[in-house]
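Sequence lines, in order, name chains S and F. With the first letter of the first sequence counted as 1, position 186 gets the number 226 in the numbering used here; the numbers rise by one all the way through. With the first letter of the second sequence counted as 1, position 163 gets the number 203 in the numbering used here; the numbers rise by one all the way through. First up is the structure itself, then whatever we jot down about it.
Protein chains: 2
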Amino acid sequence: MNYPSLNKEYHTLKESYANRGMNLENLINETNKYYIDKDIAIIYKKPTPIGINKVSYKENKQVIREAYFKSPSTLDYNGIYKGYYIDFDAKETNNKTSFPLLNIHEHQILHMRRIIKHGGITFLIIKMCNNYFLFPGEKLLIFIDNNERKSIPYQYIKENSYEIKEGYRPALDYIKAVDSLIKENKNEN
Amino acid sequence: MNYPSLNKEYHTLKESYANRGMNLENLINETNKYYIDKDIAIIYKKPTPIGINKVSYKENKQVIREAYFKSPSTLDYNGIYKGYYIDFDAKETNNKTSFPLLNIHEHQILHMRRIIKHGGITFLIIKMCNNYFLFPGEKLLIFIDNNERKSIPYQYIKENSYEIKEGYRPALDYIKAVDSLIKENKNEN
Chain S
41 MNYPSLNKEY HTLKESYANR GMNLENLINE TNKYYIDKDI AIIYKKPTPI
91 GINKVSYKEN KQVIREAYFK SPSTLDYNGI YKGYYIDFDA KETNNKTSFP
141 LLNIHEHQIL HMRRIIKHGG ITFLIIKMCN NYFLFPGEKL LIFIDNNERK
191 SIPYQYIKEN SYEIKEGYRP ALDYIKAVDS LIKENKNEN
Chain F
41 MNYPSLNKEY HTLKESYANR GMNLENLINE TNKYYIDKDI AIIYKKPTPI
91 GINKVSYKEN KQVIREAYFK SPSTLDYNGI YKGYYIDFDA KETNNKTSFP
141 LLNIHEHQIL HMRRIIKHGG ITFLIIKMCN NYFLFPGEKL LIFIDNNERK
191 SIPYQYIKEN SYEIKEGYRP ALDYIKAVDS LIKENKNEN
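Laid out in structure tokens, this is it:
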């Protein structure tokens, strides 16, 4: 699970450093800000869900004194693009030969099934072997429904994804791949 | 702002008690669960955003030791219904004559403008004078753009909303009002 670290939460990008040292989540967050600024798409990362055990008051304000991270039951990012409901997650793996399915929770897969059924666009953005892929939910489900394997071979991901190139602004221009996915879905229906 | 209280977070509904004592947020959460179970709509409440100051480790698990609530820049609920992107917030007021606009942040209003522009369905569910209203984003913006007032008269809300009746299951069947709003938007375009 991608829990937010302190550094990530308070990270601010100095433009002169471009994308240096940005992890996948930061690249996507910067890209989403760009899309909102340019009125291209309205997509946000959902806050990480937490369970609160203790709260105290300091100068009349609530301060959380004990809390823990909960597993999300949906995907991290959602919003709207060209009238379409968009719902996705970002996953990184250091594994060079296959993508471990442990990275995706059972209820997240169920969520993706539901989104597809209701006419939404859902996918994973996967960083693997220094490449970025938009891996459509449909292809993920086909794999899961037809394999006993606990990981997806790199070759399958590569052949069934749209590649996304890292850039300057936006940092990770994934919306072109979304356009291709929308087009592909239309041709299939 | 509606911060989650401990009671709210851990509230579980015993069916025999029906909706007794449920606040607006709980009514909507129960209704959303019902919609997901019945495969009607896939709508979730976003977690409340928090800023984390201190984290410690206990039995190898991260425990948040100091954190604070942040203001949300979007609305609390979003998801998909009949292929439409749905985005809304729930607001309660004890005021009997008008709805104070202080209840809605400036950036939430901007967010609603963007959602409408991109073809989404956005609204407020308002509980006021013991009635529930689905108040369309379009009507809210018309009011804001044409008035200097800091509150919306009850009469304006009543005349420009779809009323929602409280029930047993689902607790607050707002999706019928969404159907009416979709129909209205179609007729206007």
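Glycine residues also receive a C-beta, built at the ideal position from the N, C-alpha and C atoms.
| Item | Value |
| --- | --- |
| Cβ neighbours of S96(S) in the same chain (closer than 7 Å, five flanking residues each side left out) | V103, R105 |
| Pairwise C-alpha distance: K101(S) and F109(F) | 9 Å |
| Euclidean distance between Cα positions of I192(S) and A130(S) | 16 Å |
| R154(S) - containing alpha helix (DSSP H), residue span | 146-157 |
| Per-residue burial, N118(S) [other beta carbons within 10 Å of its own, 16 or more giving buried] | buried |
| Secondary structure of K223(S), DSSP reduced to three states | helix |
| Where L46(F) falls, given that 16 or more other Cβ within 10 Å makes a residue buried | Residue placement at L46(F) is poorly supported in this model, since its pLDDT is 42, which falls under 50; the coordinates still yield a value, given next. Exposed. |
| 8 Å Cβ cutoff, M152(F) in contact with chain S | no |
| Beta-carbon proximity of I215(S) to A81(S), cut-off 8 Å | yes |
| DSSP three-state assignment for T133(S), whether helix, strand or coil | coil |
| Assigned exposure category for S201(F) - 16 Cβ within 10 Å defines buried | buried |
| DSSP three-state assignment for K78(S), whether helix, strand or coil | coil |
| Coil, strand or helix - G160(F) by DSSP | coil |
| Closest by C-alpha distance to Y75(S), when choosing among D127(S), R209(S), I197(S), F163(S) | R209(S) |
| Cut-off 8 Å between Cβ atoms - residues of its own chain near I184(S), not counting five sequence neighbours on either side | L141, I149 |
| C-beta contact flag for G123(F) and I155(F) at 8 Å | no |
| Inter-residue spacing [alpha-carbon to alpha-carbon] between L115(S) and I120(F) | 13 Å |
| Exposure of I182(F), with buried meaning 16 or more beta-carbon neighbours within 10 Å | exposed |
| Where T114(S) meets chain F, residues with beta-carbon distance less than 7 Å | Y84 |
| Proximity below 8 Å, CB of E203(F) to CB of F173(F) | yes |
| Inter-residue CB distance, L221(F) and I161(F) (contact presumed, cutoff 8 Å) | 6 Å |
| Cutoff 8 Å; reference M152(S); Cβ partners in own chain excluding five residues on either side | L115, D127, T162, G177, L180, L181 |
| Per-residue contacts from Y108(S) into chain F (C-beta, under 8 Å) | K101, Q102, V103, I104 |
| Ordered list of beta strand (DSSP E) runs contained in the segment 59-130 of chain F, each at least 3 residues | 82-85, 90-98, 101-109, 117-121 |
| Straight-line Cα distance separating K73(S) from K226(F) | 30 Å |
| L46(F) - DSSP class collapsed to helix/strand/coil | A caution first: L46(F) carries a pLDDT of 42, below 50, which makes its placement in the model unreliable, though a value can still be read off. It is helical. |
| Close beta carbons around A217(S), own chain, < 7 Å, minus the five adjacent residues each side | L174, Y202, I204 |
| Sequence-distant residues of the same chain with beta carbon closer than 6 Å to S113(F), five excluded per side | H147 |
| Range covered by the alpha helix (DSSP H) that runs through N186(S) | 177-186 |
| As assigned by DSSP and simplified to three states, the class of Y194(S) | helix |
| Cβ pair N69(S), K86(S) closer than 8 Å | no |
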